[in-house]
Amino acid sequence: MPTTAGMSYPNFSTELYERSLVLQHPSDRLVNLRFSAIFSYTDMFVDVLTDFYFIFKTLEEKLETYKDHPCVKGVVTDNMLRTPAFEQDLRHFLGEKWQGSIQPSPMAVAYCDRINKVAKTDPSLLLAYIHTLYMVLLEDGEVITQILRAALALPDEKGLSVFHMDRRQRPSSLRALLERINKLHITRPMKEMIIEEKQLCFGLNNSVFTNAKPSWRAYYRVFKITAVFAVVVSLVVVAVRRGSLSSSERS
């Protein structure tokens, strides 16, 4: 069992996850609030979708370029590739001429530049981006789909193809990805570099979201939905308690 600074981890994927938790910071709450506001309006969602299209496209191009590298080969399977799904979603929202109407934000350009740089330095570092970006889709894709459908008032799941990662086999696909990462023969110094790169990756993700500029109406909508949800939950709790008291009195 790997041990680092007094901490033991059953495998490398767990270590990657656990040692990334140190990045949790109160400022992340602002990012989460902005995330919610962005996903309340289609145009802002499409802007972020566009940025991550360029990011995934860059990553998957590098995975193809270095497909024979021992730390890249076979880690991401063909059914996990997201570039075609992004293109399908952008076509849905922007029409057939979508390619001529999009460009990455400066933050997305910096993100792509970083991926290109680490791939050239050592393709092993791409594991940091694989573990971060694909894990989100495999773990939370279904939940994100439902949230987006509600927030954007979408009649169906068209435009959300990027989150549809073999949903019936999602849990097994996630386990398989982690197992493939854990079976790689990676030296301790390289593991430390990958962990540092993953921490940087989190910052790059946040920069894409903080670059978006939701209007005050978007924030108001989030607060309104949250307030209504809180009231509904409170009423349900009160009703349950009253029901419990009534049952006790009858007994």
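Per the numbering used here, the very first residue in the sequence shown carries number -18; after that it's consecutive.
Just so it is clear, CB atoms sit at the ideal spot from N, CA and C, and this is done for glycine as well.
- Message: So, at 7 Å on beta carbons, what are the nonlocal neighbours of Tyr115 in its own chain, with the 5 sequence-adjacent residues on each side left out?
- Response: Excluding positions up to five away in sequence, the list reads Val57, Met61 and Leu158.
- Item | Leu71 to Ala100 span [Cα, whole Å] | Looking at the backbone, the Cα of Leu71 and that of Ala100 are separated by about 27 Å.
- Query: Looking only at its own chain, which residues have a Cβ that is under 7 Å from the Cβ of Ile36, when we skip the five neighbours before and after it?
  - Reply: For Ile36, where only same-chain residues beyond five positions count, the Cβ hits under 7 Å are Ala89, Tyr92 and Cys93.
- Message: So, does the segment 168 to 178 touch the segment 69 to 86, judging by three or more C-beta pairs under 8 Å?
- Response: They do not touch, by the three-pair rule.
- Arg161, DSSP secondary structure in three states: Correct three-state label for Arg161: helix.
- Buried or exposed: Arg63, going by 16 or more other Cβ atoms within 10 Å of its Cβ? With 16 or more Cβ atoms within 10 Å of its Cβ, Arg63 is classed as buried.
- Message: Quick check on Ser(-11): buried or exposed, where buried means 16 or more other Cβ atoms within 10 Å of its Cβ?
- Response: Its Cβ having fewer than 16 others within 10 Å, Ser(-11) is exposed.
- Could you tell me the distance, in whole angstroms, from the CA atom of Ser82 to the CA atom of Ala66? The alpha-carbon of Ser82 is positioned some 18 Å away from that of Ala66.
- Task: Taking only runs that begin and end inside the segment 45 to 107, name each unbroken alpha helix (DSSP H) of 4 or more residues, in chain order.
- Result: Here the runs fully enclosed are 64 to 75 and 87 to 102.
- Query: Closest by CA to Asp59, which one among Asp28, Leu141 and Glu42?
  - Reply: Comparing alpha carbon positions, the residue from Asp28, Leu141 and Glu42 closest to Asp59 is Glu42.
- Should Leu2 go down as buried or exposed, given a rule of 16 or more other Cβ atoms within 10 Å for buried? Exposed, since its Cβ has fewer than 16 Cβ neighbours within 10 Å.
- Query: Should Arg223 be labelled buried (16 or more other beta-carbon atoms within 10 Å of its own) or exposed?
  - Reply: In this prediction, Arg223 scores a pLDDT of 48, lower than 50, which makes its location untrustworthy; no coordinate-derived value is stated.
- Message: With distance defined between alpha-carbon atoms, name the residue in Lys78, Ser154, Arg95 and His50 nearest to Gly184.
- Response: When each option's Cα is compared against that of Gly184, the closest is Arg95.
- Sequence-distant residues of the same chain with beta carbon closer than 7 Å to Trp79, five excluded per side: The beta carbon of Trp79 is closer than 7 Å to those of Leu71 and Arg72 in its chain, skipping five residues each way along the sequence.
- Message: Whole angstroms are fine: how far does the CA of Phe(-7) sit from the CA of Asp28?
- Response: Cα to Cα, the separation comes out at about 34 Å.
- Item | Pick from Thr46, Ala109 and Tyr34 that is closest to Arg0, judged by C-alpha positions | In this structure, Ala109 is the residue among Thr46, Ala109 and Tyr34 with its C-alpha nearest to the C-alpha of Arg0.
- Item | Contact belief for Leu119 with Leu155 at Cβ below 8 Å, rounded distance in angstroms | With a Cβ gap of about 4 Å, Leu119 and Leu155 count as contacting.
- For Ile111, I'd like the list of residues in its chain whose CB is within less than 7 Å of its CB, leaving aside the five on either flank, ordered along the chain. So the qualifying residues of the chain are Val56 and Val57.
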